[in-house]
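Under this note's numbering, the first residue of the sequence shown is numbered 2, with each subsequent residue one higher.
Where a beta carbon is used, it is the ideal one built from N, C-alpha and C, also for glycine.
Below: the structure, in structure tokens.
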Amino acid sequence: MREFRPPIRRSIARTVLMVALSLLIVLMGAVTVLVLGMSRPTYAISNGTLAVRSGDLLSGARTIRLSDVTDTRVATLTGGRRTAGTAIPGLCAGRFSYPDLGAVWQATNCATTVLVVRARSEELPLLITPPDLAGFADAMRAGTEMAITLPPPSSGPARLIVILLGPLVVVVSALVALLGLGPHRMRYLVGDGVLEVRTLFGQKRWSAAGARAKAHTPSRLWRVAGTAAPGYYSGLYRESGRSTRVYATEIDRVLLFEGPARVLLSPEDRAGMLGALQEQGASVEHEA
Numbered sequence: 002m003r004e005f006r007p008p009i010r011r012s013i014a015r016t017v018l019m020v021a022l023s024l025l026i027v028l029m030g031a032v033t034v035l036v037l038g039m040s041r042p043t044y045a046i047s048n049g050t051l052a053v054r055s056g057d058l059l060s061g062a063r064t065i066r067l068s069d070v071t072d073t074r075v076a077t078l079t080g081g082r083r084t085a086g087t088a089i090p091g092l093c094a095g096r097f098s099y100p101d102l103g104a105v106w107q108a109t110n111c112a113t114t115v116l117v118v119r120a121r122s123e124e125l126p127l128l129i130t131p132p133d134l135a136g137f138a139d140a141m142r143a144g145t146e147m148a149i150t151l152p153p154p155s156s157g158p159a160r161l162i163v164i165l166l167g168p169l170v171v172v173v174s175a176l177v178a179l180l181g182l183g184p185h186r187m188r189y190l191v192g193d194g195v196l197e198v199r200t201l202f203g204q205k206r207w208s209a210a211g212a213r214a215k216a217h218t219p220s221r222l223w224r225v226a227g228t229a230a231p232g233y234y235s236g237l238y239r240e241s242g243r244s245t246r247v248y249a250t251e252i253d254r255v256l257l258f259e260g261p262a263r264v265l266l267s268p269e270d271r272a273g274m275l276g277a278l279q280e281q282g283a284s285v286e287h288e289a
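Okay, here's the thing in structure tokens:
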């Protein structure tokens with residue numbers, strides 16, 4: 002089969018779009034990794050210490066000796082403001098600020114009623130939310146060993162982020178591949194009585210016998226489904242009021258194939274491809 006390729010033109014718009022989408026992929030990937038790295042806060046009393054793990058990769062953990070604890074009290078707080086860390090429904094971890102307490106470090110389920118722990122070894126008060134606030138405070142005073150892991154939130158944006166970003170990263174990555182590799186992988190093959198179009202993600206074949214082919218200047222194209230990016234057009238369009246498949250890298254200099262389907266192509270060697278289609282039984286209108 003004879004192979005014909007579309008022209009590949011440098012496009013500043015396509016390059017800028019690829020860079021922007023690539024940066025978006027990096028950002029979405031980083032957010033996904035961060036969210037997946039989150040776990041549930043844990044509080045453990047053991048060997049004379051209180052160990053608090055925030056469940057957040059960035060906020061870390063705190064360990065204090067019970068002998069250094071100067072105060073434990075239950076408090077109801079409002080007006081909290083995150084200064085560094087994570088604040089999503091079900092997980093508030095890191096540095097926060099409250100009108101009643103000032104700056105604090107917390108690993109909570111975002112409840113307003115918390116256990117405030119102060120220790121000589123810690124610059125900031127610690128805020129935690131075990132299920133039984135008073136009982137946990139008593140266990141700290143007695144040094145009773147205990148380990149608590151907060152239950153996961155039943156719902157919230159963290160789950161939604163993972164659900165949405167995963168598929169979105171795949172879609173945007175596919176678009177970047179189309180913009181970068183699509184024009185180089187697009188080709189047209191004529192022979193064995195058919196016209197075959199190959200793209201990055203598949204191929205289409207139509208019988209050439211009885212078809213018509215000619216050079217064509219399309220009127221306004223309307224994309225129905227597919228890709229319409231600078232230097233890469235692939236999919237189903239409307240042109241001259243008719244359903245048209247487009248596989249082209251430029252749309253102002255195309256070849257119109259009308260057979261089992263109406264197809265617009267942009268071979269570099271348009272005259273050569275018209276001749277090849279004619280050899281396969283197509284009725285061809287050659288360029289003047």
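* Asked: Between the Cα of residue 180 and the Cα atoms of 277, 234, 243, which residue gives the shortest distance?
  -> 234
* Taking just the CA atoms, how far does residue 251 sit from residue 11? -> 11 angstroms
* **Helix, strand or coil at residue 49 according to DSSP, with G and I counted as helix** => coil
* To do: Specify the secondary structure class of residue 1 as computed by DSSP and reduced to three states.
  => Outside the modelled stretch of the chain, which goes from 2 to 289, sits residue 1, for which no answer is possible.
* Asked: Just the Cα atoms here: how many angstroms apart are residue 188 and residue 93?
  -> 54 angstroms
* Taking all protein chains shown into account, do 16 or more other C-beta atoms lie within 10 angstroms of the C-beta of residue 225, making it buried, or fewer, making it exposed? -> exposed
* Asked: When DSSP labels each residue in this structure, what does residue 127 get in the three-state scheme?
  -> strand
* **Supposed contact pair residue 261 and residue 208 - C-beta distance, whole angstroms, cut 8 angstroms** => 6 angstroms
* Please look up how many angstroms separate the CB atoms of residue 141 and residue 73, rounded, as I've assumed it's under 8 angstroms. => 6 angstroms
* **Buried versus exposed, by CB contacts within 10 Å (16 or more), residue 281** => buried
* Is the Cβ-Cβ distance between residue 169 and residue 29 less than 8 angstroms? -> yes
* Helix, strand or coil: which one does DSSP assign to residue 69? -> helix
* Using alpha carbons as the reference points, say which of 86, 95, 99 lies closest to residue 78. => 99
* To do: Please name the residue or residues paired with residue 203 in a DSSP beta bridge.
  => 200
* Please decide whether residue 130 counts as near chain E, where near means a Cβ-Cβ distance under 8 angstroms. => Within the model displayed, chain E is absent; a lone protein chain is all it includes.
* To do: Closer than 6 angstroms by C-beta to residue 105: which residues in its own chain qualify, once you throw out the five before and the five after it? Chain order, please.
  => 97, 125, 126, 128
* **Beta bridge counterpart(s) of residue 227 as assigned by DSSP** => 236
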